[in-house]
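Going by this note's numbering, the first residue of the sequence shown is number 50, and it counts up by one from there. Ideal Cβ positions, reconstructed from N, Cα and C, are used throughout, including at glycine.
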Amino acid sequence: MKEQLKKWIAVLFLVIPTSFMTACTNQFLVEDMVQEEESEQNPEEGLIVVGVSQVGSESIWRTAHTASIQETLTTENGYYLIFDNARQKQENQIKAIRNFISQDVDYIVLSPITETGWDTVLSEAKDAGIPVILMDRMVDIEDDSLYTAWIGSDFEEEGKNAGYWLEEYLEKKEMTEEDINIVVLQGTEGSTSVIGRTRGFESVAKKNQNWHILEQVDADFTTAKGYEVMQYFLEEYEDIDVVVSQNDDMTFGALEAMEEAGISTGKDGDVIMISFDAVKAALEKVKDGEINVDIECNPLQGQYIDRIIRDMEKGKLEEKMFYTVERVFTPENVGLVIDDRTY
Ligand code: GYE
């Protein structure tokens with residue numbers, strides 16, 4: 050937008066003197082030529098420039114999240130997107146934000162890897178007059194005015210939903226009096242999704258005296274680590290009743306480790322498998338009965354970002370926090386969505 054203003058000032062300077070010498074029609078010709086020349090030199094001319102700092106590409110969810118942003122913030126929609134993949138490192142995100150500031154972008158969109166460590170760089174963005182929109186995860190900062198809006202999931206609710214589903218399932222199976230041993234594969238330490246999902250599930254677990262969370266281990270949201278951590282759990286604990294895996298990618302790794310150990314999972318299996326995200330490949334496993342339940346987390350956030358920016362352009366952003374709508378999938382209802390799942 051700042052660029053657009055500069056453009057019009059430039060156009061005025063060129064057009065005003067010309068208008069004294071030429072007829073109106075010629076003015077438009079000159080104006081067109083100037084615009085053409087400028088847009089050749091400056092590809093972002095007339096577009097809203099957005100710098101996006103993405104966490105990485107650790108999961109299928111993340112790939113879908115990135116695609117949703119890239120498919121929405123397009124030139125045809127009026128955007129000039131500068132996208133940076135931080136490859137799971139906060140220092141890379143901080144570097145990217147500083148780059149966006151020095152390029153004087155119109156907006157910064159950030160998916161922060163962890164909650165802490167953002168005060169300084171976000172103050173720099175504020176001082177430069179660049180609004181920051183957060184997506185997916187949150188930041189833990191002193192001054193809330195350092196970001197303008199946030200769009201993401203209610204992770205605590207997701208964790209609670211996993212707990213509520215387990216309560217109901219054990220009731221149906223008449224297992225409320227049995228000891229239930231639980232292990233948890235956690236995602237990236239210090240991230241909002243992990244903090245929320247852990248807190249939500251623990252709050253339900255606390256109310257069930259017979260549930261025992263044996264251990265919760267960081268497997269960084271990846272299949273490779275999910276496999277490793279599950280192998281560790283199997284060596285360490287003889288009697289595991291429930292695996293809670295905080296995303297589908299770790300679930301795939303855990304399933305592989307269990308299969309190798311001759312342990313079955315899901316509907317008629319030895320171990321109850323609870324997963325998060327609900328990507329298509331995992332929903333197939335819910336359908337087959339290998340995963341008992343998948344708590345949905347919606348990665349399609351591009352449209353929300355677009356809406357937020359458009360409202361801000363008009364100066365009428367009324368809310369600060371936006372939550373995506375999410376569901377819980379079991380073999381009973383998974384058929385409703387599986388064919389339409391795009392990720
Ligand atoms: O569940 C996981 C991803 O923060 C919601 O990050 C996101 C999580 C998502 O890598 O798959």
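Where does residue i fall in DSSP's three states?
i	result
F325	strand
Y392	coil
V154	coil
L234	strand
N134	strand
V101	strand
Q76	Here Q76 scores only 48 on pLDDT, less than 50, and its place in the model is too uncertain to base an answer on.
D159	Looking at the sequence provided, one finds Leu at residue 159 rather than Asp. Correct three-state label for L159: strand.
F371	strand
G201	strand
P380	coil
W214	helix
S252	helix
W110	helix
V64	Low per-residue confidence applies at V64: pLDDT is 40, beneath 50, and the placement is therefore not dependable, though the value from the model is reported in the following sentence. V64 falls in the helix class under three-state DSSP.
L349	coil
Here's the rule I'm using: 16 or more other beta-carbon atoms within 10 Å means buried, otherwise exposed. How should residue i be labelled?
i	result
T115	buried
P161	buried
Q350	buried
G311	exposed
Q235	buried
T197	buried
L195	buried
D185	buried
E309	exposed
Q352	exposed
Can you give me the C-alpha to C-alpha distance between residue i and residue j, rounded to a whole angstrom?
i	j	result
V188	T241	8 Å
V291	V320	5 Å
E368	I357	9 Å
G151	S172	Note on identity: in this sequence residue 151 is Ser, with Gly being the wrong assignment. Approximately 14 Å between the Cα atoms of the pair.
E226	I323	20 Å
I262	W110	26 Å
F325	Q295	5 Å
K365	K175	19 Å
A59	T165	Only weak support is given to the placement of A59: the predicted model assigns it a pLDDT of 45, under 50, and the question is left unresolved by the model.
G315	M224	16 Å
Do residue j and residue i come within 8 Å of each other at the CB atom, strictly closer than that value?
i	j	result
T237	D203	no
N347	Y218	no
D298	T271	yes
G302	Y281	no
E205	G239	no
I118	D155	no
Y128	V170	no
L304	R390	no
K329	Y372	no
Between residue i and ligand 3, is the CB less than 7 Å from at least one heavy atom?
i	result
L122	Among the ligands modelled here, namely ligand 1, ligand 3 does not occur.
To the nearest whole angstrom, what separates the beta carbons of residue i and residue j, a pair I think is in contact under 8 Å?
i	j	result
I344	V377	6 Å
V293	A211	6 Å
E207	G178	With 8 Å as the limit, E207 and G178 do not qualify as a contact, their Cβ atoms being about 35 Å apart.
N126	D337	Their Cβ separation, rounded to whole angstroms, is 39 Å, which puts N126 and D337 out of contact at 8 Å.
V101	F132	5 Å
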